[in-house]
Amino acid sequence: LPDAHYAQAQLVCAACGCVAAEGLLTTTFGDEEHLREVAFSRSTGQREQRSRSVQRGVKRVQDLCRVLRLPRALEETAVSHAERALPRAAFRRLGLPKKELLGGCCVLASCRQHGWPLTMGTLCSLLYADAELLAGVYRGLRAELRLCVPALGLAELVKTHLNSFRLFQQAADIPAPFVEDKEQTVTRTLQVVELAGDTWLVTGRHPVPIVTAAAFLAWQSLRPAARLACTLARFCRAAGVEVPPPAPLRLKELHDVLLRMAAQLAWLRVLRLDKKTVVKHLGDILQHRVFLLRKAFRTEDEEEEEEDEEEKEEAPLDAPISDSEIEQYLRGREEARAFGKAKAWL
Amino acid sequence: MDGVSPLEQYLERCNGQDDISTSPQLFAPMSPYDVDLPIQTTPDAPFASQFNQPKELPPDFSSVDLSFLPDISQDDQDQNPCEGAQDTQKELDGSVSRNEDSGVFLEESGLSEADTTQPCSETSGVCPPLTPMTPVTPVTPASESSGIVPQLQNIVSTVNLACKLDLKNIALHARNAEYNPKRFAAVIMRIREPRTTALIFSSGKMVCTGAKSLSLKMPFGPFLMWTESCGTFKKKEPKTPGAQYEHEEQSRLAARKYARVVQKLGFPAKFLDFKIQNMVGSCDVRFPIRLEGLVLTHQQFSSYEPELFPGLIYRMVKPRIVLLIFVSGKVVLTGAKERSEIYEAFENIYPILKGFKKSS
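Here it is as C-alpha cells:
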C-alpha cells in the first residue's frame, strides 16, 4: 500500500503495517518524466560558473571601460562580447598579452556599435599594443563572433577629438588671439570634414589627421587676421596635441579643394586667392558648398586611350631548355672552391 | 590536319615531350576549341558579347572525351537569372535584413527553418530547390560585361623534386642561389628567364613565385598553336584573356628550369605534382569607389577599417577569392587556383562597384 510519512513516500504492508519500502531519493532530473541521472557537474551548477580566466578577462574589460569613462550600456555590451569570446576555443589558448588585446577589441567593438568614437590609436596607446597585432586580434574577434561593427563615426570623432584641444580657454602659454569659442570651432570643423568626405579625401584615409587639418582650417578662418601666419605645427603645439604625420598632406588637399570651389564663386574668382587667403573665405565657401561641389567637381568621362600593349610572344608550352642556359647559373669547380674559401674567411 | 580533331592534335604535340611534362589537364577549364572564349564558366559567359568573332569549330566532337571541361549544369543556368533578379531586387529595396543574419550559413537541406534567408522560393517560386542558402555575392545578368580584363600579376606554384637535397652543396655550386640557414631553412634561387624566384627545401619540395611577364621572344606561342589547329591562323590579340595564358606556362617553365639546375648539380630531381597554389590579378575600374557605402551593403563579405588599411577587403564566397578594393578604383584579386576564378570574381564585383560610382 502506498503511504507517506511526512513527505517521504512509503510502501506499507497492508496486513501488518510494516514499512516495506521507503521512497528513494530520486536521481531524476527536473520533472519526473525525464528519468535521467544527474551528473555531479550539473547538479552543483559548475557549468554556470565562469572559468577563472574568463572572469579575469571580463574584469579587465570592465577596467578598460572605467578608464575610458564609458557609459554603462557600452560596458555591458563589451562584457557580453568578452563573455562570448573568451571561452571560445580560438581564444582560450591565447597568451596573456593577446588576451589583453582581445579585451580591448571587445571594448572597441562595443564602442563602434554604440557610436562612441574610440580610435584604434587610442586603444593601442592604452594597451601599449602594436597596431598590427591589434588589427589581427580585432579581425579574429569579428570573424569568430560574427559581429556587425559599424564604421567609426567622423562627426562624433570631431567632437571628442576637439575636446582635447586646449585652445578654448585662456591660458598663460596661449596667445590671446588664439583662443576660440569651442562651439563655433566644432561646428565649422564638422562642415569641413563633411566637405572632405564629399570630395574623396576621407575614403581609405586615417580619420584623425583629417580632423586635425579640418580643425586647423576652421580655427584659422574664424579669425584670419591673427591666425593666418600660424602654421599647422604651431597650432597643434598651442592646442596641446600631436601633429599626425599625414595631417600636412590632408591640409594641402583641403586647400586645393577650397581653391577649386572658390574659383566658382564670382566674387572670389576676381580675388585670385591662394592657399593662404582662401581660408579667409571659408565661411562663404561652406555656405554655398552644395552648389559649388556640383559645379567644381563635375566629372567628365574621359576617353580612355587604348593602351597599345607590346606584342608579347612567348616560349612554347614545353620548350626544350638548353644546356647552355642552365649552365650560366652554375659555378665551375675552380670557382666553387674559391667561393668556398672566401666564405670560410667571412 | 583534316579529319583529326584539334584535341587529338594538341595531345599529340604534348606527348612528344620529355618525361617531366604534365598532362594537359593543367589547363582543364579552358576549352581549346573555343578560340575566342578560352575561359568559360557558363555558356552565356560575360565575354561572349565582347569577343564574338566568327568561329570555325572543328566538325565532330562526338568521339572526343570532354570530361575535363567544367560542369555547366542546367541548374546553374536556371539559378543565375533567379539569384541575380532576386538579389538585385533586394538591393534596390535597400533591405539589409538578409545581410543582418551575418553569415549564418544554412544548409541546403535546412529549409525547415523558415528564415528570411530563403531567397528564391519566396520571391519568385520558379527557382529549383537547389538554391544554396549561403549568402552569395549577387550574380549579374549575363548581358553586362565589364569589358575589363584583370591582369595576372603573380603566380605561386609548388613542385616536388622527390629527392633529398644538400642545400649547402647547392649554394656552393650555383651562382644564383642564396642560403642563410640561420635566417631561413631553404635555398633562394633566381633565374632571369622567366624572372622568378624559387625556394628550394632540403626535402626536395620547391616553391616557385613570380612568373609574371615574358621577355623571351619566339615566333610562335601556344595560343597561335591552337588557332592553327582549329584551321585559322590568327594573330594573337594581347587583350583577350587567352593571351595571358602564358602565366601558368611561365610558372611551369620556370619550375622546370630550377629542376634542371638541381639536376645538373648532381641530384636525381624529378618533377612531380606541379600545382599552382595561388594566382594574383589586378585591374582598374577607372572610377572612384565609395568604400564606406560598399561596406554597409555588403557587410558580411567586407571589412573596411581605414585606421588599419586603406582598402576594403572583400571575401567573395563563390568563387572563393579575396578582393582588395581601393578608393581609386584599383582592384586586386587573390586566392585563385585557376585564372577563371579571377575573371569570374571580377565579373561578379564589377556591377556592385558600379553601383557605388559617384560623381562629385
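So the protein sequences, as listed, match chains A and B. When we follow the numbering used here, the leftmost residue of the first sequence carries the number 44, and every step to the right adds one. When we follow the numbering used here, the leftmost residue of the second sequence carries the number -3, and every step to the right adds one. From the three backbone atoms N, C-alpha and C, an ideal C-beta is built for every residue, glycine too.
Among the options, nearest to residue i - alpha-carbon criterion
i	options	result
ARG270 (chain A)	A:LEU139, A:VAL245, A:LYS323 and A:ALA305	A:LYS323
LEU320 (chain B)	B:PHE305, B:LYS314, B:GLU334 and B:VAL313	B:PHE305
ARG185 (chain A)	A:LEU145, A:ARG337 and A:TRP159	A:LEU145
ALA239 (chain A)	A:SER94, A:ARG293 and A:ASP106	A:ARG293
LYS314 (chain B)	B:GLU343, B:HIS169 and B:ILE272	B:GLU343
MET312 (chain B)	B:THR330, B:GLU334, B:LYS178 and B:SER153	B:THR330
HIS157 (chain A)	A:ARG189, A:THR120 and A:LEU170	A:THR120
GLU107 (chain A)	A:ALA47, A:LEU129 and A:LEU169	The sequence given here places Leu at residue 107 (chain A); Glu does not occur at that position. Among A:ALA47, A:LEU129 and A:LEU169, the Cα nearest to that of LEU107 (chain A) is on A:LEU169.
GLN98 (chain A)	A:LYS142, A:VAL245 and A:ARG112	A:LYS142
PHE352 (chain B)	B:LYS326, B:SER299 and B:GLY289	B:GLY289
SER336 (chain B)	B:ARG316, B:PHE267 and B:VAL323	B:ARG316
ARG231 (chain A)	A:PRO130, A:THR242 and A:ALA256	A:ALA256
GLY5 (chain A)	B:LEU168, B:SER278 and B:PRO347	The structure shown does not extend to residue 5 (chain A), since chain A is modelled only from 44 through 389, so no value can be given for it.
VAL122 (chain A)	A:LYS102, A:SER367, A:GLU368 and A:VAL236	A:LYS102
ALA305 (chain A)	A:ARG266, A:ARG131, A:LEU176 and A:LEU336	A:LEU336
ARG135 (chain A)	A:SER153, A:PRO114, A:MET163 and A:SER94	A:SER94
SER324 (chain B)	B:ASP280, B:VAL318, B:SER299 and B:TYR310	B:ASP280
CYS159 (chain B)	B:SER247, B:LEU268 and B:THR192	B:LEU268
VAL110 (chain A)	A:ARG155, A:CYS59 and A:THR165	A:THR165
THR192 (chain B)	B:SER299, B:LEU349, B:GLN246 and B:ARG256	B:GLN246
Alpha-carbon to alpha-carbon, residue j and residue i
i	j	result
PHE206 (chain B)	PHE283 (chain B)	Here residue 206 (chain B) is Gly; the residue named in the question, Phe, does not match the sequence. One C-alpha to the other measures close to 29 Å.
ARG252 (chain B)	VAL328 (chain B)	28 Å
PRO190 (chain B)	CYS204 (chain B)	11 Å
LYS318 (chain A)	ASP173 (chain A)	37 Å
GLN330 (chain A)	ILE338 (chain B)	47 Å
ARG171 (chain B)	LYS201 (chain B)	20 Å
ARG380 (chain A)	VAL155 (chain B)	30 Å
CYS18 (chain A)	SER96 (chain A)	This structure cannot settle anything about residue 18 (chain A), because the visible part of chain A is limited to 44 through 389.
ALA282 (chain A)	LEU151 (chain A)	26 Å
ARG374 (chain A)	GLU242 (chain B)	31 Å
CYS56 (chain A)	VAL62 (chain A)	6 Å
LEU161 (chain B)	TYR254 (chain B)	13 Å
PRO25 (chain B)	GLU244 (chain B)	Annotation note: pLDDT 41 at PRO25 (chain B) (below 50); position unreliable, coordinate value reported separately. The straight-line gap from Cα to Cα measures roughly 13 Å.
ARG315 (chain A)	ALA261 (chain A)	21 Å
SER199 (chain B)	LYS164 (chain B)	13 Å
LEU249 (chain B)	ALA362 (chain A)	8 Å
SER264 (chain A)	VAL104 (chain A)	42 Å
GLY143 (chain B)	GLU174 (chain B)	43 Å
THR284 (chain A)	ALA258 (chain A)	Reading off the sequence shown, one finds Val at residue 284 (chain A), where the question assumed Thr. Rounded to the nearest angstrom, the two C-alpha atoms are 12 Å apart.
GLU334 (chain B)	SER153 (chain B)	11 Å
PHE270 (chain B)	GLY100 (chain A)	47 Å
PHE208 (chain A)	PRO160 (chain A)	16 Å
CYS273 (chain A)	ILE328 (chain A)	21 Å
ILE272 (chain B)	ARG188 (chain B)	20 Å
ARG286 (chain B)	LYS178 (chain B)	46 Å
PHE278 (chain A)	PRO220 (chain A)	12 Å
LEU195 (chain B)	MET275 (chain B)	17 Å
GLN360 (chain B)	LEU389 (chain A)	Outside the modelled stretch of chain B, which goes from -3 to 356, sits residue 360 (chain B), for which no answer is possible.
PRO45 (chain A)	LEU54 (chain A)	5 Å
LEU308 (chain B)	SER278 (chain B)	14 Å
ARG303 (chain A)	PRO302 (chain B)	26 Å
SER299 (chain B)	ALA268 (chain A)	45 Å
LEU197 (chain A)	VAL236 (chain A)	8 Å
ILE364 (chain A)	GLU377 (chain A)	25 Å
GLU340 (chain B)	ARG131 (chain A)	36 Å
ARG256 (chain B)	GLU175 (chain A)	41 Å
LEU205 (chain A)	VAL229 (chain A)	7 Å
ALA133 (chain A)	TYR310 (chain B)	23 Å
Nearest-angstrom Cβ-Cβ length linking residue i and residue j, presumed shorter than 8 Å
i	j	result
ALA128 (chain A)	GLU187 (chain A)	7 Å
GLU223 (chain A)	LEU244 (chain A)	The pair is not a contact, with the Cβ atoms about 23 Å apart (cut-off 8 Å).
THR242 (chain A)	PHE340 (chain A)	7 Å
LEU195 (chain A)	THR162 (chain A)	7 Å
Per-residue contacts from residue i into chain C (C-beta, under 9 Å)
i	result
ALA133 (chain A)	Any reference to chain C falls outside this structure, whose protein chains are A and B.
Given 8 Å, three or more beta-carbon pairs between the segment 169 to 185 of chain A and the segment 196 to 216 of chain A: no
Touch test, the segment 259 to 275 of chain B against the segment 285 to 295 of chain B, Cβ-Cβ under 8 Å, three pairs minimum: no
Sufficient close CB pairs (3 or more, under 8 Å) joining the segment 178 to 193 of chain B to the segment 142 to 149 of chain B: no
Inter-stretch contact (C-beta, 8 Å, three-pair minimum) for the segment 196 to 204 of chain A and the segment 295 to 307 of chain A: no
Every unbroken beta strand (DSSP E) within the segment 155 to 219 of chain B, with a cutoff of 3 residues, ordered by chain: 182 to 187, 192 to 197 and 201 to 206
Length at least 4, wholly inside the segment 147 to 190 of chain A: the alpha helix (DSSP H) runs in chain order: 163 to 170 and 174 to 188
Contact between the segment 247 to 261 of chain A and the segment 274 to 289 of chain A (3+ Cβ pairs under 8 Å): yes
Whole runs of the beta strand (DSSP E) within the segment 306 to 346 of chain B, excluding any shorter than 3 residues: Entirely contained in the segment 306 to 346 of chain B, the beta strand (DSSP E) runs reaching 3 residues are, in chain order, 308 to 312, 317 to 321 and 326 to 332.
Entirely enclosed alpha helix (DSSP H) segments - the segment 196 to 254 of chain A, minimum 4 residues: Correct list: 197 to 206 and 225 to 241.
Length-filtered (4 minimum) alpha helix (DSSP H) runs lying within the segment 96 to 152 of chain A: 115 to 128 and 132 to 135
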